[in-house]
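Protein chains in written order, with this note's numbering: chain B, 77 to 374; chain F, 98 to 290; chain D, 1337 to 1561; chain G, 312 to 1158.
All C-beta atoms, glycine included, are put in the ideal place defined by N, C-alpha and C.
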């Protein structure tokens, strides 16, 4: 994509300006995951694997339908299962597709030290550029959703690309296309938000889920993957979806005040030493004086 | 195909590390988008072989169906035009690529002889000749023209044919035609169980 | 420095005589440590700020820098632990150091003649050593966590959060100490740098800066250790 | 399916029972979700375990496996008692008003009238309508006795037939009218009884049936409910009767024929609908025509026996479409035997084998085990794994002379001789010759498949078969042609059908499937003339436009009458790709082609009231156009196009009655006109309705040493088997992607049972039935709960069926290599001959 570099609105570890900063596109893309119509079929998992060219990895049965405990560097999309018993004793099988949330304010990108290893396109997609990735793993610390995963073989970090190879030519992501029940939907952020809200209202008014709602966490300025939950007050039930995700405070401290304090200290130190040299000059050795007995100089 | 692609990925990944170890990357290309892997691939319309929803699938193959290309599958996804599935596929349908590109596929006729503990290869010609011979021998030995009450039977009671779930209508019809002509009554199908 | 108001003593002919200060092992270890620290410093700085990311190019680019940084850190740690083993006694803080510490402003203002005599290492050097030592312990612990971030389970993510802060802070402390160390040994205190290269100092140098130590060893002269 | 996949979006209420569409038909299930999202439709999920379908349901009810008739019977009772049924529909479109013959007895003791306990069969004479006229209001009916008497007296001579004129009572008050009998039959199915049988607490049960019947509150016809099922109903020894109960409910509530309604069987495989249509089954001929039996002396007597005559209230009409059976069957014979089928030889009728008994699936293995069946050809069919009682099947194959397996992967059937437990020494004693032929995968062959909604869709080949693999049709053709050559050269037993069968494909060893599809559609063998005008409608040699033109005089040929219209002179209809849906109701009239005659919703005349106006004007399917004097619609009317509503022609045109059958008379079903609850052959309890007749009286058990049944005192746990959404039968265990999703076999067991047995999740356990032992890891879950059955705690466990002894994990010995069907019993439904695999008894042990 020739225009891709101009459409970058954020670049990790980048000194100076960003070519697309301030660029206003007509719309940003968004993936809507309606967990209330998810049937946990894992079509999205397979479609993701197939499209992205990853294949078999060893798994073991773990008293669950869940394929593996967490997403992996070569498994970007995982449905998390939770058998949940409601207060009235009725069962719920909560299923949530876990993948990169494509945060508006991405913690991975904030933490990344490598120039352009993580970029954010104007359409909202946060993309890892493995060619620039140095494999430091800071993105894994910066992400509040436990998404970026390190490949020991490639020594790079990988995650969902929101199929930007498909999106850039006008197709929908592979998982979206596959989803049999339409629990996954793709469109503009504005429309997905409206659609999610309509569904949440329906769940509240028709299906009796008083706490139904939309998950679009403000802590990361919203995400480009949003959820409809039966119980938006307890997102943790859905395979540990954080209640109030945000870039970790330590990452903010590290990339913010600490960095400026450190820079100041280092530059200040250098200047101070230079000043000292100019003010006091070098220490020179002196000829040995006879001992006057008190151990001090005469 | 599938193995080589995986290997290719490994090589690419290792090569990438090597390139960055030995090279300099002062000027990163800001963002390199992956090319769409099916951009100009040939597209064939088919039907998923699994359940009876009958989802339309698009099979993408190498080349553009030109004469000098032997097509091989590179990707399968749902047919967005199909009114039932509208492009969607379940986890089985989504993995159809690996159903075709599967190293476990049978690729040659084999025979297991009486008392043998393993398979041996056999030519198609010989296999078909032997099967035809068995069929005739068993039919002639077990054919019932009239039953105990003297009523017409015309049954071959020594051979059964069981048909599978993915056989096409036309194949099923040919089976009925051939097998009923041989007098088979033990004619059953996945449709029963 | 005082002027030539006081004529050179009779021992003047000894002033330029060389006496051993650092063994070959100590010097080799120092320079292994110095190089590994410098490398870790440069690569670390590359990761510290986008404006210094170009530093990574010095070692062949970001991935290589990331790959080597922890290894050089480890080398430095090993080197430092060896130093610790060798110099632990020399680095013990004693009563004399307390007096020296009170007189530190004189040291800063190059009025060394107002300082109490010191042994092999002065209190400043001891501070430097222990500062680096503590810093490296922190760097090591947090560095391992950062090295294998992927091995830390998500439920232990607080370790990651702590590690990035502590690693950076500890690094900043060692950088401060490092700058002072390099400044003093290379620029400020003439003869220091040479001593770590050749292993020898002049008697005058020893007498000037480490008089107690000088008194202890003054019998010795340039000879193979 | 009476309706279709997309049509589900039009519904207001779904009862999903005996099926798990979210897992097994995910892409079809989207339309259920669409109904939920767009119409606020509700889903009631009734299942032995909480499935992923249940997770989307508005109400989940856990039922004991095999007690569905009790559940549904109670629903019928509730609907009648609470005036939640479609009265106009019921009277005019069903046989509710028909009067049943005197002497008919309901099964209060578990048996209908006419049971011969010695033979274990029914004399169905009394399962018939009474001949007569309108008896409305004449409850005391001496006339009926008069009518009943002669038919009872005439019993021995001809086999009982339906009377042409049926006595009826439109007030539904006559004590022997179908409605009253049905009411009486299900009056025993009170919520309390249902609770004791099914284990569903009464309050929950009432909530479920109240929710379902709420669509017909006070008889209001606007809303529509659908019933969706799959083999969870079929695979019982009373499977057909469960489905009939559902059909009765849908008739009672007036949901059949309507958009968003119907009785919808979700077939489990891509083309078993087509395989059934094509009659790859012992007991039918293509297009659901009957098979000849030894007692059919010739074609004429066969046609007389199999062609129904209409049976209805005299003022009503009945199209009785199967009255065209002679045209369908003769055209089929012309397709099968071509020029060798002449009027003189009964169109080759005698070439067909005569079917005298049950040759179905379980009998194949029984008879092979007994040394009768010597050879087997299995194409794409993993016989060892699929049927019940794997051990028996393996031991049967040991006794066969030869086996031909056409497959794309190494399967258990072709390797039965080295199944786990068979030593090398034992292998040397197995004398079966096995040929394993590499076939083509789905993407490598063209042809048409028929989905569950009866849409016949063509697919194209994308790639050539790998290596030496060949197309399945080529292999069968080549075997057949070689056999034919042998008979030509050497002669043999009755070679005529083999030599005379029409195999006139351009390349006989590689038959072109489009040519075969054209044969299925049929063509004119002589110029066909319009009966009235005498003008030629179709010229000799032309493709037929549809089955209406089929003739019984040998001037047409047609391989399958219901497929007539699929490949006409206008071209291939099954390759059409029109995406337009003008009505917005998911009809898609120009997408591929649906049998019969491109109708998408069957019996759609019933979507209108007597006057021909849609019950719900917002969901208009077909309607009577008075001006044009014709039925018109968004769908093709499944009806006689010019039949004025005043003619009162019945909408169920395939029945001789012209109406839907609440009561199934004489020949329709083996074990009774109304479904009755019977326990599975292996059940933890006696039948609480009639302990003396616990099981279906018509179920036969085999006598081989493998046909053992468990004592409920020892085998206390109810086990059910099923598929998972991640895997497809015994096929995807060869596909790494699917193996990754479900890497190992497991058994779902309730937490309470696990605690009792000291089993933790991931522990290896044995599941043992009287027939075999299955080993897998325990999946301890709260989605299965212990149930109270008549005051006693009963556990249910669930067993996915996918793994066997050949596959990625199996070959790496990462699992115990035990097929699930080691456990299941070889007992079948007496109507459909489908084996029981959904409810049987086991015990569980820690491994």
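Where residue i meets chain F, residues with beta-carbon distance less than 7 Å
{"i": "residue 240 of chain B", "result": "130"}
Cβ-based neighbour list, residue i, same chain, cut-off 6 Å, excluding 5 preceding and 5 following
{"i": "residue 426 of chain G", "result": "433"}
{"i": "residue 209 of chain F", "result": "216"}
{"i": "residue 972 of chain G", "result": "406"}
{"i": "residue 795 of chain G", "result": "809"}
Alpha-carbon to alpha-carbon, residue j and residue i
{"i": "residue 750 of chain G", "j": "residue 193 of chain F", "result": "17 Å"}
{"i": "residue 466 of chain G", "j": "residue 974 of chain G", "result": "At residue 466 of chain G, the pLDDT of 42 sits below 50, so the modelled position is not reliable; the number obtained from the coordinates is stated separately. Spanning the two alpha carbons is a distance of roughly 21 Å."}
{"i": "residue 448 of chain G", "j": "residue 476 of chain G", "result": "18 Å"}
{"i": "residue 648 of chain G", "j": "residue 674 of chain G", "result": "29 Å"}
{"i": "residue 1059 of chain G", "j": "residue 1014 of chain G", "result": "32 Å"}
{"i": "residue 156 of chain F", "j": "residue 174 of chain F", "result": "7 Å"}
{"i": "residue 860 of chain G", "j": "residue 876 of chain G", "result": "10 Å"}
{"i": "residue 243 of chain F", "j": "residue 606 of chain G", "result": "11 Å"}
Neighbourhood of residue i by C-beta distance below 7 Å, restricted to the same chain and skipping five residues each side
{"i": "residue 1503 of chain D", "result": "1475, 1478, 1479, 1482"}
{"i": "residue 137 of chain F", "result": "161"}
{"i": "residue 976 of chain G", "result": "438, 439, 440, 473, 984"}
{"i": "residue 940 of chain G", "result": "953"}
{"i": "residue 1119 of chain G", "result": "1044, 1045, 1047, 1050"}
Neighbouring residues, chain F, relative to residue i (Cβ below 8 Å)
{"i": "residue 868 of chain G", "result": "The contacting residues do not exist; residue 868 of chain G stays about 12 Å from chain F at best."}
Partner residues on chain G for residue i, Cβ-Cβ distance less than 7 Å
{"i": "residue 282 of chain F", "result": "593, 664, 666, 670"}
{"i": "residue 274 of chain F", "result": "647, 812"}
Chain-ordered chain B contacts of residue i [CB-CB under 9 Å]
{"i": "residue 148 of chain F", "result": "Those do not exist, as residue 148 of chain F stays about 11 Å from chain B at its closest Cβ, beyond 9 Å."}
{"i": "residue 1461 of chain D", "result": "Chain B residues near residue 1461 of chain D: none, gap ~13 Å exceeds 9 Å."}
Chain-ordered neighbours of residue i on chain B, where CB pairs are closer than 7 Å
{"i": "residue 1399 of chain D", "result": "210, 211, 231"}
{"i": "residue 753 of chain G", "result": "Simply none; closest approach about 16 Å."}
Chain F residues whose Cβ lies nearer than 9 Å to that of residue i
{"i": "residue 126 of chain B", "result": "172, 173, 174, 191, 192, 193, 194, 195"}
Contact list for residue i against chain B, beta-carbon separation under 8 Å
{"i": "residue 334 of chain G", "result": "115, 117"}
{"i": "residue 1411 of chain D", "result": "What residue 1411 of chain D touches in chain B: nothing, since even the nearest Cβ is about 19 Å away."}
Closer than 9 Å at the beta carbon, the chain G residues around residue i
{"i": "residue 227 of chain B", "result": "Going along chain G, no residue has its Cβ under 9 Å from residue 227 of chain B, so there is no contact; the nearest lies around 17 Å."}
Close Cβ partners of residue i (< 8 Å) along its chain, the five nearest in sequence each way excluded
{"i": "residue 238 of chain F", "result": "255"}
Which ranges would you report for the alpha helix (DSSP H) in the stretch 1376-1461 of chain D if only whole runs of at least 4 residues count? The stretch 1376-1461 of chain D is shown to contain whole alpha helix (DSSP H) runs of 4 or more residues at 1398-1423, 1431-1438, 1440-1444, in chain order.
Given a limit of 8 Å on CB to CB distance, which residues of the stretch 648-667 of chain G reach chain F? 661, 662, 663, 664, 665, 666, 667
To test your reading of the DSSP string, which unbroken alpha helix (DSSP H) runs of 4 or more residues are found completely within the stretch 1034-1114 of chain G? Segments of the alpha helix (DSSP H) lying fully in the stretch 1034-1114 of chain G: 1047-1052, 1062-1068.
What alpha helix (DSSP H) runs, 4 residues minimum, are completely inside the stretch 123-199 of chain F? 188-191, 193-197
Short of 7 Å Cβ to Cβ, which residues in the stretch 239-270 of chain B face chain G? 256, 257, 258
In chain order, what are the residue ranges of uninterrupted alpha helix (DSSP H) at least 4 long that sit wholly in the stretch 389-440 of chain G? 398-404
At a CB distance below 9 Å, what residues from the stretch 1039-1072 of chain G approach chain B? Give them in sequence order. 1047, 1048, 1049, 1050, 1051, 1052, 1053, 1054, 1055, 1056, 1057, 1071, 1072
Counting only runs of 3+ residues fully inside the stretch 726-802 of chain G, write out the beta strand (DSSP E) ranges in chain order. 744-749, 758-761, 766-770
In the stretch 469-528 of chain G, which residue ranges form an unbroken alpha helix (DSSP H) of at least 4 residues, counting only runs that do not cross its ends? 489-497, 502-509, 513-524
The stretch 239-265 of chain F: positions lying closer than 8 Å to chain G by Cβ: Against chain G - using a Cβ distance shorter than 8 Å - the residues of the stretch 239-265 of chain F are 239, 240, 242, 244, 246, 248, 249, 250, 251, 252, 253, 254, 255, 256, 257, 258, 259, 260, 261, 262, 263, 264, 265.
In chain order, each alpha helix (DSSP H) run of at least 4 residues that lies wholly inside the stretch 602-627 of chain G: 610-617
If the cut-off is 8 Å on Cβ atoms, which residues from the stretch 1073-1087 of chain G count as contacting chain B, listed in chain order? 1073
Any C-beta of chain G within less than 7 Å: which residues of the stretch 197-211 of chain F qualify? 197, 199, 201, 202, 203, 204, 205, 206, 207, 208, 209, 210, 211
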